[in-house]
Amino acid sequence: MSDTTQTLQHFIGGRWVPAEPASRSENPSDLTDIVAEVPDGGASDVDDAVRSARLAFPAWSQATPEARSDLLDRIGDLILQRRQELGRLLSREEGKTLPEGIGETVRAGRIFKYFAGEALRRHGQALDSVRSGVDVHTRREAVGVCGLITPWNFPIAIPAWKAAPALAFGNTVVLKPAPQTPTMAAALADIVQEAGAPAGVFNLVFGGAAAGAALCGHQEVDALSFTGSQAVGAQVALAAHRRQARVQLEMGGKNALVVLDDADLDRSVQLALDGAYFATGQRCTASSRLIVTAGVHNAFVDRLAERLRALRVGHALSEDTQMGPAVSHEQMQRALRYVEIAREEGGRVVCGGEALSLDTAGHFLSPALIAGTRNTMRINREEVFGPVASVIQVADYDEALAVANDGEFGLSAGIATSSLKHAAHFERHVKAGMVMVNLPTAGVDYHVPFGGTRKSSYGPREQGFAAVEFYTQTKTVYTQG
Ligand code: NAD
């Protein structure tokens, strides 16, 4: 496949709307490769998209569950059929390795197929009334126009896990993807159109903060689903509350992986490698804090450093690459800056944390491991969002749990142990929305709820059977025969 530069357009009311390119998305593995030229949507583009979604809503919300299911099933099939091409495009633009890019694409296809099933399921309830001769039942009805604002790190899976349930339950959508990775959203719009979605059911506006803010402030948007940073999420929540729109936020993490003395060492090291560094550490569920008990600490650090030094960093599309570049210059600089911050705070950089010059000019850096840190340091409190993990040595399980729970985020948490007692206690007492026992903190199923506690998440859970909560509203019906 030739690496052409795409010229992207907004997709509004069932057609592509020409707009002047305002920025470019580049291949972070090779900065000479321009992936796309992208328009920068503003309030009027958002307004057009929201109006189209509003116009399409009555018919779509009244369409039969089977019609909605069929559309989602076709979208899922088309994504899966194009997995190689889309996965490659994803890796070219975001920088995750080709298997990771294809894997994410497959996940997006599976999500649509899962929600094709959900569209057919009855989510209301029939109850006995407290009054004789009266029947009571609840209906789950579509909310209306949903504004979806997404980040760059899962450029097809996150739009999929928001758009699929929205459409399944009869809502119409306006998607505003991240400016760094626009092509997957364009590919999704193309597939939605090919699958036969009625005009206006799915709309796409490119742009950055201005387009996002316009969507958040638009009076005709009934629900806002946002994934991104905590700082922007707080603004989205404020805008939504100002006009009493529904809002759901998925934000950052500072996820702990606890490694106990009784865990299998090789397995623990593999969990840390996988959770903290795969996808270049650019996952909200990445294990950025490695909390290790004293008996195994030194061996763990040595073994992990050995594996990291051997990790092949390179062009995302090269077959032997194990870790691709950071998505952007800013993201790479951020990771390098945090390594410096950790050093200044007294942390010991065991390996990595340096910019790499490879065959192509890209945002390459070596995976960093920082030992000798304390949980009060900035490196352990602020989200880095790169291939950087720090180690905190603790005396025992009790201290490990206390450290894991000390912080403002609560997305995912993991424990490596052979002790059923500690695993069971951790599951109950760790403050996180997702708990992994002898599994990496990152990497989740698509058919179960996803989300965190504290400042990681706000509002109803996303994904799987939980998605019905956000994308429908309940009507209670009383009938006397
Ligand atoms: P970001 O917050 O900078 O941007 C997210 C989206 O919000 C983008 O589409 C952006 O254009 C838009 N935006 C920016 N300013 C806005 C404003 N004022 N109003 C409305 N929209 C606005 O995040 P990012 O850098 O794209 O992504 C990285 C972040 O996403 C990390 O913090 C990561 O933890 C988080 N993330 C969370 C999850 C999760 O499910 N918890 C998943 C993936 C990523």
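Numbering (the working numbering), first residue to last: 7 to 487.
Every residue gets a Cβ at the ideal spot worked out from N, C-alpha and C, and that includes glycine.
Next on the checklist: Suppose only complete runs of 4+ residues qualify. What are the alpha helix (DSSP H) ranges in the region 184-256, listed by chain order?
Outcome noted: Along the length of the region 184-256, whole alpha helix (DSSP H) runs at least 4 residues long occupy 189-200, 215-223 and 236-248, reported in chain order.
Checklist entry - Under a Cβ-count criterion, where at least 16 other Cβ atoms within 10 Å of its own Cβ denotes burial, should A361 be classed as buried or exposed? => result Under this definition A361 is an exposed residue.
Checklist entry - Out of A448, A195 and V319, which has the shortest C-alpha to C-alpha gap to C290? => result That would be A448, whose Cα lies nearest to the Cα of C290.
Checklist entry - Are the CB atoms of F118 and G82 nearer to each other than 7 Å? => result Judged by their CB atoms, F118 and G82 are nearer to each other than the 7 Å cut-off.
Next on the checklist: Measuring straight from C-alpha to C-alpha, what distance separates V333 and S97?
Outcome noted: Distance between the alpha carbons of V333 and S97: 10 Å.
Next on the checklist: Considering just the uninterrupted stretch of the beta strand (DSSP E) at D280, what are its terminal residues?
Outcome noted: DSSP places D280 in no beta strand (DSSP E) but in the uninterrupted alpha helix (DSSP H) bounded by L271 to Y283.
Checklist entry - Within 10 angstroms of its Cβ, does T379 collect 16 or more other Cβ (buried), or is it exposed? => result It counts as buried.
Item to check | Chain-order list of residues whose beta-carbon lies under 8 Å from that of D412 (same chain, five-residue window excluded) | outcome: Same-chain partners within the cutoff: N381.
Checklist entry - Under the DSSP definition of a beta bridge, which residues are partnered with M338? => result Bridge partners of M338: none, in fact.
Next on the checklist: Check whether the region 170-184 and the region 211-218 touch, using three or more Cβ-Cβ pairs below 8 Å as the test.
Outcome noted: Taking a cut-off of 8 Å on C-beta distances, the region 170-184 touches the region 211-218, as three or more cross pairs fall below it.
Checklist entry - For the ligand NAD, is there a heavy atom less than 6 Å away from the beta-carbon of I108? => result For the ligand NAD, not one heavy atom lies less than 6 Å from the Cβ of I108.
Item to check | First through last residue of the alpha helix (DSSP H) which encompasses N304 | outcome: Counting along the chain, the alpha helix (DSSP H) containing N304 begins and ends at A300 to A316.
Item to check | Of the listed residues M338, V436, V307 and R80, nearest to L375 (C-alpha basis) | outcome: The residue with the shortest Cα to Cα distance from L375 is V307.
Next on the checklist: Which runs of the beta strand (DSSP E) at least 3 residues long sit entirely within the region 96-173? Give them in chain order.
Outcome noted: Segments of the beta strand (DSSP E) lying fully in the region 96-173: 132-134, 140-148 and 151-155.
Checklist entry - With C-beta atoms as the reference, is P161 less than 7 Å away from Y283? => result At the C-beta level, P161 and Y283 stay beyond 7 Å of one another.
Checklist entry - Does the region 250-270 come close enough to the region 345-357 to have 3 or more Cβ pairs within less than 8 Å? => result No, because fewer than three Cβ pairs between the region 250-270 and the region 345-357 fall closer than 8 Å, the two stretches do not touch.
Item to check | Sub-7 Å separation of F121 and P165 beta-carbons | outcome: No, the pair does not count as a contact, with Cβ atoms beyond the cut-off.
Checklist entry - Just how far apart, CA to CA, sit E312 and Y403? => result Looking at the two C-alpha atoms, the distance is approximately 26 Å.
Item to check | L310 and V275 closer than 7 Å at C-beta | outcome: In this structure, V275 lies closer than 7 Å to L310 by Cβ.
Next on the checklist: For Y484, which residues in the same chain have their Cβ closer than 8 Å to its Cβ, ignoring the five residues on either side in sequence?
Outcome noted: Correct list, in chain order: S135, V140, D141 and V142.
Next on the checklist: Suppose only complete runs of 4+ residues qualify. What are the alpha helix (DSSP H) ranges in the region 391-437, listed by chain order?
Outcome noted: Entirely contained in the region 391-437, the alpha helix (DSSP H) runs reaching 4 residues are, in chain order, 403-410 and 426-435.
Item to check | Stretch pair the region 229-249 + the region 65-72: three plus CB contacts closer than 8 Å | outcome: As far as the Cβ criterion goes, the region 229-249 does not touch the region 65-72, which means the pair count is below three.
Checklist entry - At which residue ranges does the region 38-71 contain complete alpha helix (DSSP H) runs of 4 or more residues, listed in the order of the chain? => result Fully contained in the region 38-71 are the following alpha helix (DSSP H) runs of length 4 or more, in chain order: 49-68.
Checklist entry - Based on the DSSP output, what are the partners of D36 in its beta bridges? => result For D36, which the question treats as bridged, DSSP gives the partners N33.
Next on the checklist: Please return the same chain residues whose Cβ sits closer than 7 Å to the Cβ of R74, not counting the five positions on each side in sequence.
Outcome noted: Only A125, L173, A174 and G176 meet the Cβ criterion.
Checklist entry - Under 7 Å, do A395 and S294 count as touching if we go by C-beta distance? => result Pairing A395 with S294 gives a Cβ-Cβ distance under 7 Å.
Checklist entry - For G368 versus D36, is the C-beta distance shorter than 7 Å? => result By the CB criterion at 7 Å, G368 and D36 fall inside the cutoff.
Next on the checklist: Buried or exposed for R30, going by 16 or more other Cβ atoms inside 10 Å?
Outcome noted: Classification of R30: exposed, given that the 10 Å Cβ count is below 16.
Next on the checklist: Three Cβ pairs or more, each shorter than 8 Å: is that satisfied between the region 405-419 and the region 323-330?
Outcome noted: No, they do not touch.
Next on the checklist: Between G439 and G420, how many whole angstroms is the CB-CB distance? I'm expecting something under 8 Å.
Outcome noted: At roughly 13 Å, the Cβ-Cβ gap does not stay under 8 Å, so G439 and G420 are not in contact.
Checklist entry - Per DSSP, what kind of secondary structure is R460 in: helix, strand or coil? => result Note: R460 maps to strand in three-state DSSP.
Item to check | Start-to-end residues for the alpha helix (DSSP H) that takes in Y477 | outcome: It spans A473 to Y477 - the alpha helix (DSSP H) in which Y477 sits, taken as one unbroken run.
Checklist entry - How would you write the range of the beta strand (DSSP E) that M329 sits in, first residue to last? => result Run containing M329: none; DSSP gives neither H nor E here.
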